[in-house]
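Residue numbers (this note's numbering): 106 to 259. Read through the structure below, which is laid out as structure tokens, and then see the notes.
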């Protein structure tokens, strides 16, 4: 029976938050471009961030393309060295995001996957590696380690 009271309370919080009745400030949209404006009156300087209402987004050259790469005509213009482009399609641990999330067509998804693997092997994505457990010791042998130590001690 307490559910209608909770709904009414939530509704009033929502309406008061939208109208700016709570705290006297209505929150501006979070994803808006702002212009920094500096106003000096006597010895007081006020710096404000004014929201720019109209921001023109660029139109893609091929709006009918089925994936972002086809839409922006990048089909044959990227390789494994384009880390900024590739990092948009990988998870934080370095794996590829699925096609349903990236929106890539099958052909471009395969090409991006190959480029990501090549970038990993070339060491261009060092921050996108799976985390190793604490105290992990690598099993990779350190070649010529004894030889180098012997040279340093002589």
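We put the beta carbon where it would ideally sit given N, CA and C, even for glycine.
Boundaries (first-last residue) of the beta strand (DSSP E) holding residue i
i           : result
residue 153 : 149-156
residue 139 : 139-146
Backbone secondary structure at residue i - three-state DSSP
i           : result
residue 254 : Confidence is the limiting factor: at residue 254 the pLDDT is only 49, short of 50, which leaves the residue's position unreliable, though a coordinate-based value still follows. Reduced to three states, the DSSP call for residue 254 is helix.
residue 159 : coil
residue 186 : coil
Counted within 10 angstroms of its Cβ, other Cβ atoms place residue i as buried (16 or more) or exposed
i           : result
residue 181 : exposed
residue 152 : exposed
residue 213 : buried
residue 195 : buried
residue 224 : buried
N-terminal and C-terminal residue of the alpha helix (DSSP H) that residue i is part of
i           : result
residue 213 : 211-227
residue 173 : 173-176
residue 207 : 204-207
Inspect the CB distances between the segment 171-190 and the segment 212-229 and report whether three or more fall short of 8 angstroms.
-> yes
For the structure I just gave you, are there three or more beta carbon pairs, one from the segment 166-185 and one from the segment 200-217, closer than 8 angstroms?
yes
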